[in-house]
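Scroll down for the structure; my scribbles are underneath it.
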Amino acid sequence: MASKKVERRRKIRYKIRNKISGTSSIPRLSIFRSNKEIYVQLIDDVKGHTLCAASSKGVQADTKIDTAKTVGQKIGEKAKAAGIEKIVFDRSGYLYHGRVKALADGVRETGLIF
């Protein structure tokens, strides 16, 4: 049996996914956060393709929050290179603070519009 925390996040994640969807012009920015790393990808839900992705593997920073911000800047630069201007933010059931907020701030610094 899954813990209450895992079940709560799963329910929130499904509620979010029912409301938002990505297209090729406005993809969905999906986040996965583990204890050590953070992963992010831009997804076209219509075709079922990942347009670009970034992770914290190999990123050197002092704290996890600094690492998340760097990953956000990296995915923002990749999106700009792919010609993407707008995105839909999918926090995947995580609370919008800490590493998730830092990642979103890093993406906004590159000029992507949520």
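Whatever position you read off the sequence shown (first residue = 1), add 120 for the numbering used here.
Ideal Cβ positions, reconstructed from N, Cα and C, are used throughout, including at glycine.
Whole alpha helix (DSSP H) elements within the region 158-222, 4-residue minimum | 184-201
Close Cβ partners of A181 (< 6 Å) along its chain, the five nearest in sequence each way excluded | T187, T190
Cβ neighbour criterion (16 or more within 10 Å) applied to R128 | exposed
Please report the residue range of the beta strand (DSSP E) in which I151 lies.
-> 148-153
Who are the near neighbours of V208 in its chain, counting only those whose CB is closer than 8 Å to its CB and skipping five residues on each side?
-> I140, S141, G142, I146, P147, R148, L149, F234
When you compare only the Cα positions, how much space is there between I158 and A173?
-> 11 Å
Around the Cβ of N226, are there at least 16 other Cβ atoms within 10 angstroms (buried) or fewer (exposed)?
-> Reading off the sequence shown, one finds Gly at residue 226, where the question assumed Asn. Classification for G226: buried.
For K73, is the classification buried or exposed, using 16 other Cβ atoms within 10 angstroms of its Cβ as the cut-off for buried?
-> One cannot answer for residue 73 here, as it falls past the ends of the chain, which runs 121 to 234.
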